[in-house]
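A.B. asks:
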Amino acid sequence: MKLRLAIVGAGPAGIYAADILLKYERSFDVSIDLFEQLPAPYGLVRYGVAPDHPRIKGVIGALRDIVDRGDIRIFGNVLYGRDITLDDLKKHYHAVIFSTGAVRDAGLDIPGVDLPGSFGAAEFVSWYDGHPDYPRTWPLTAQSVAVLGNGNVALDVARILAKHPDDLLPTDIPDNVYEGLVASPVTDVHVFGRRGPMQVKFTPLELRELGELRDVEMVLHEEDFHYDEASRRAIESNKQVFVIDKVFTKWRERAAEQAQGEAAPASRRLHLHFYAKPVEIVGDENGITSYRYERTEPDGSGGVRGTGEIREVPVQAVYRAIGYFGSPLDGIPFDDERGVIPNHEGQVLNHHNEVVSGVYATGWIKRGPVGLIGHTKSDAMETISHLINDQGSWWDPVDPSPEAIPQLLAERGVSWTDLDGWHRLDEHEVALGVPHERARIKVVDRDVMVRVSRGE
Ligand SMILES: Cc1cc2nc3c(=O)[nH]c(=O)nc-3n(C[C@H](O)[C@H](O)[C@H](O)COP(=O)(O)OP(=O)(O)OC[C@H]3O[C@@H](n4cnc5c(N)ncnc54)[C@H](O)[C@@H]3O)c2cc1C
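Going by the working numbering, the first residue of the sequence shown is number 30, and it counts up by one from there.
(1) Is it buried or exposed, K471, if we count other Cβ atoms within 10 angstroms and call 16 or more buried?
(2) Under the rule that 16 or more other beta-carbon atoms within 10 Å means buried, what is R396, buried or exposed?
(3) Measure the beta-carbon distance from N179 to R224 and round it to whole angstroms, keeping in mind my assumption that it falls under 8 Å.
(4) Identify, in the order they occur along the chain, each residue of the same chain with its Cβ nearer than 6 Å to the Cβ of W156, setting aside the five sequence neighbours on each side.
(5) Does DSSP put V481 in a helix, a strand or coil?
(6) Is the stretch 139 to 153 touching the stretch 303 to 323, taking contact as three or more C-beta pairs under 8 Å?
(7) For E374 and S444, I'd like the C-alpha separation in whole angstroms.
(8) Verify the contact flag: Q287, CB atom, against every heavy atom of ligand 1, threshold strictly below 7 Å.
(9) Taking the C-alpha atoms as reference points, what is the distance between D419 and L448?
(10) In the DSSP assignment, find the unbroken beta strand (DSSP E) run with K395 in it and report its ends.
(11) Just to confirm, are F277 and L249 a CB contact at a threshold of 8 Å?
(12) Pull up the DSSP beta-bridge partners for L34, would you.
(13) Can you tell me whether H82 sits near ligand 1, meaning its C-beta is under 7 Å from at least one heavy atom of the ligand?
(14) Tell me whether the stretch 97 to 109 and the stretch 61 to 70 touch, counting them as touching only if at least three CB pairs, one residue from each stretch, are closer than 8 Å.
(15) Excluding the 5 residues preceding and the 5 following H457 in the sequence, name in chain order all residues of the same chain whose CB lies nearer than 6 Å to its CB.
(16) Taking S128 and G392 to be in contact with their CB atoms under 8 Å, please state how far apart those CB atoms are, rounded to whole angstroms.
(17) So what's Q376 in DSSP terms, helix, strand or just coil?
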């Protein structure tokens, strides 16, 4: 018996799921085909993780080691729902795992959210990480910018906006991104969170990094640091919160010293505002003029309540970093509220909460857009153990032969890329960096990516 498995989505979740299954002690053979809509693999590790986080980008090395073993067949530039359908998969595989992640911005329902100059973080991240399906240019015309959200993505967006672009040159940012950032007139980036400084979702490492940016001053507001009982308890009981408090305390001390000294002022500032609930993005069809928020206060149990006091900060652009959201897939149940495929530990459920045979989910599309890359591993383990135990209910494909898929894609005129193609693109990007003494320059144009990959 041989399990022919399709995995849709070559981010960390899909690649780890394949790896775990191949290494799992089992009584049957396995052959895996991995489908990915982009001509390059690695999902949000390539197209989400910030370019100036080389240590995390380095996860790509571990993922590459897995695919380079050659025991997973790759079909890049193949979109599930268009190039290949659920019916196709049922004809040629015993089961499918969806690991399609979450790439859209979660909605924010406040007036002005659709004004020109109001952006979702996911779009901006896709631009600066060189995603082929996003515009090459970005309107970086604002001097003062608001970033809404208190998670790591908000910090990524704020940091990329505030950082001097030359400090990004050692990274793999595409040329168009560098040029866009050089032209930006930004001087002030304001990050707003609804709750207090001890309730943030930042990880301490990412927060600390902000204070190390060259020629960027951190601006905090003393009124945000009168801790309530819940905040004090959080500092005592949670190591992460303890470190975050230390980081803020150091910045506050530094600001107090600077106020007394004569140090030259930085040319850019990064302001952190807490207890600020979104109310309105103010402006008209010509653009944004300010961001309006309601001051909140601690409610005693770690949450906040509104105070009715409305404040306004002049800004010309607003970035919403309030979360990502999954996208529905053709023929597969979808939870519109949570943006995930409904599932029980990775077994996909229909709208009557019954297990759908042969269909599994893993990663952000299974769990929602929270958690680090490492979490996708444990997640995949759970899904794979169900897949293996469910052997009796897998599909019964009419033609499980490996040749059927390339034939089908060729008949449909799909220009797919394979593992050798990914290597060619990788080598090409590294070569582009050599004359500029950069480790790599990403190729952004999808057609060019496909042509380079296919050696055309
Ligand atoms: C801005 C940002 C920064 C982050 N920074 C960090 C960090 O510093 N450290 C960290 O540990 N984690 C970070 N994360 C989290 C990390 O990226 C996720 O935990 C992880 O990528 C989720 O993996 P996944 O495989 O589920 O989804 P993804 O990485 O999104 O992969 C899904 C893949 O499926 C493909 N796909 C989608 N739909 C289809 C379709 N219909 N057909 C074919 N293919 C499809 C996509 O193109 C993509 O390649 C960050 C996330 C974001 C958004």
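We treat Cβ as the ideally placed atom computed from N, Cα and C, and that holds for glycine. None of the values given here were measured: they were computed from a predicted structure.
C.D. replies: On the basis of the data shown:
(1) buried
(2) buried
(3) 7 Å
(4) Y163, W167
(5) helix
(6) yes
(7) 35 Å
(8) no
(9) 30 Å
(10) K395 -> not in any beta strand (DSSP E); alpha helix (DSSP H) instead, spanning 393 to 396.
(11) yes
(12) I61, A124
(13) yes
(14) yes
(15) V481
(16) 4 Å
(17) strand
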